[in-house]
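Down below is the structure, laid out as structure tokens.
Residue numbers (the numbering used here), protein chains in the order written: chain A, 1 to 111; chain B, 112 to 225.
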């Protein structure tokens, strides 16, 4: 069974204090690993897709990396507007509809 | 923002009553999905559709049915609502299942079954 575990559950940072969120996964053949951002009362918003170990993608203050067992979402010099819940998900190669989501990391950035 | 509209945004109903949630898209995407989101659980797939009148079950499909009579509309029905179906329901769409598998989500429907 595919599994996604995100840590920490919650993270509180001062503005400008860089940190990383972790996503550990087990999947029967990785087709893709996804990061989404979810604001309160809204649906998740796509950030990145990573396909193979060693791959990295960046968007503004966010950088996602991937190894064979985990992914990190690095947040550099965060701002209050980066406060949100960040979701990780994996798609197995066996079925395109089988996307398994983690429970997320709730990030709060304090001014 | 992807053109996805969910209705209603909030609904309170009683146990045993039927409930239908609607998802409408203006993107003409082939694939549509219904997820539920509960505390302590990641988003879980209920049903999905890969075309008009083509649907299939997800991992938590018991107690739910879906229909897709037009490309733009995907309906989720709870035939007889139970308290365990209290949740936030999200509709999602995707253009393909190839290199562009990213999902676009609606804003959700908060359903409370009393």
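The beta carbon of each residue, even a glycine, is placed where N, CA and C say it ideally should be.
Proximity test, Cβ basis, 8 angstroms: residue i and chain A
{"i": "residue 214 of chain B", "result": "yes"}
{"i": "residue 154 of chain B", "result": "yes"}
{"i": "residue 118 of chain B", "result": "no"}
{"i": "residue 162 of chain B", "result": "no"}
{"i": "residue 114 of chain B", "result": "no"}
{"i": "residue 191 of chain B", "result": "no"}
Rounded straight-line distance, which links the Cα of residue j to that of residue i
{"i": "residue 207 of chain B", "j": "residue 141 of chain B", "result": "7 angstroms"}
{"i": "residue 164 of chain B", "j": "residue 12 of chain A", "result": "46 angstroms"}
{"i": "residue 75 of chain A", "j": "residue 84 of chain A", "result": "12 angstroms"}
{"i": "residue 45 of chain A", "j": "residue 215 of chain B", "result": "7 angstroms"}
{"i": "residue 168 of chain B", "j": "residue 159 of chain B", "result": "7 angstroms"}
{"i": "residue 123 of chain B", "j": "residue 188 of chain B", "result": "15 angstroms"}
{"i": "residue 35 of chain A", "j": "residue 111 of chain A", "result": "25 angstroms"}
{"i": "residue 202 of chain B", "j": "residue 28 of chain A", "result": "26 angstroms"}
{"i": "residue 219 of chain B", "j": "residue 170 of chain B", "result": "19 angstroms"}
{"i": "residue 106 of chain A", "j": "residue 86 of chain A", "result": "6 angstroms"}
{"i": "residue 90 of chain A", "j": "residue 135 of chain B", "result": "26 angstroms"}
{"i": "residue 72 of chain A", "j": "residue 176 of chain B", "result": "37 angstroms"}
{"i": "residue 14 of chain A", "j": "residue 109 of chain A", "result": "6 angstroms"}
Nearest-angstrom beta carbon gap, residue j and residue i [assumed within contact, 8 angstroms]
{"i": "residue 221 of chain B", "j": "residue 121 of chain B", "result": "5 angstroms"}
{"i": "residue 102 of chain A", "j": "residue 5 of chain A", "result": "6 angstroms"}
{"i": "residue 62 of chain A", "j": "residue 47 of chain A", "result": "7 angstroms"}
{"i": "residue 148 of chain B", "j": "residue 199 of chain B", "result": "5 angstroms"}
{"i": "residue 186 of chain B", "j": "residue 128 of chain B", "result": "Not really, about 16 angstroms apart at Cβ, beyond 8 angstroms."}
{"i": "residue 212 of chain B", "j": "residue 49 of chain A", "result": "7 angstroms"}
Minimum Cβ-Cβ distance from residue i to chain B less than 8 angstroms
{"i": "residue 72 of chain A", "result": "no"}
{"i": "residue 43 of chain A", "result": "yes"}
{"i": "residue 49 of chain A", "result": "yes"}
{"i": "residue 85 of chain A", "result": "no"}
{"i": "residue 108 of chain A", "result": "no"}
Where residue i sits in the DSSP three-state scheme
{"i": "residue 210 of chain B", "result": "Here the model assigns residue 210 of chain B a pLDDT of 48, short of 50, so the residue's position is not dependable, and the following value carries that caveat. Residue 210 of chain B falls in the coil class under three-state DSSP."}
{"i": "residue 194 of chain B", "result": "helix"}
{"i": "residue 81 of chain A", "result": "helix"}
{"i": "residue 22 of chain A", "result": "strand"}
{"i": "residue 120 of chain B", "result": "coil"}
{"i": "residue 140 of chain B", "result": "coil"}
{"i": "residue 32 of chain A", "result": "strand"}
Residue i classed as buried or exposed, judged by whether at least 16 other C-beta atoms fall within 10 angstroms
{"i": "residue 78 of chain A", "result": "buried"}
{"i": "residue 10 of chain A", "result": "exposed"}
{"i": "residue 117 of chain B", "result": "buried"}
Any non-hydrogen atom of the ligand FAD closer than 7 angstroms to residue i Cβ
{"i": "residue 171 of chain B", "result": "Although the ligand FAD was asked about, the structure shown includes no ligands whatsoever."}
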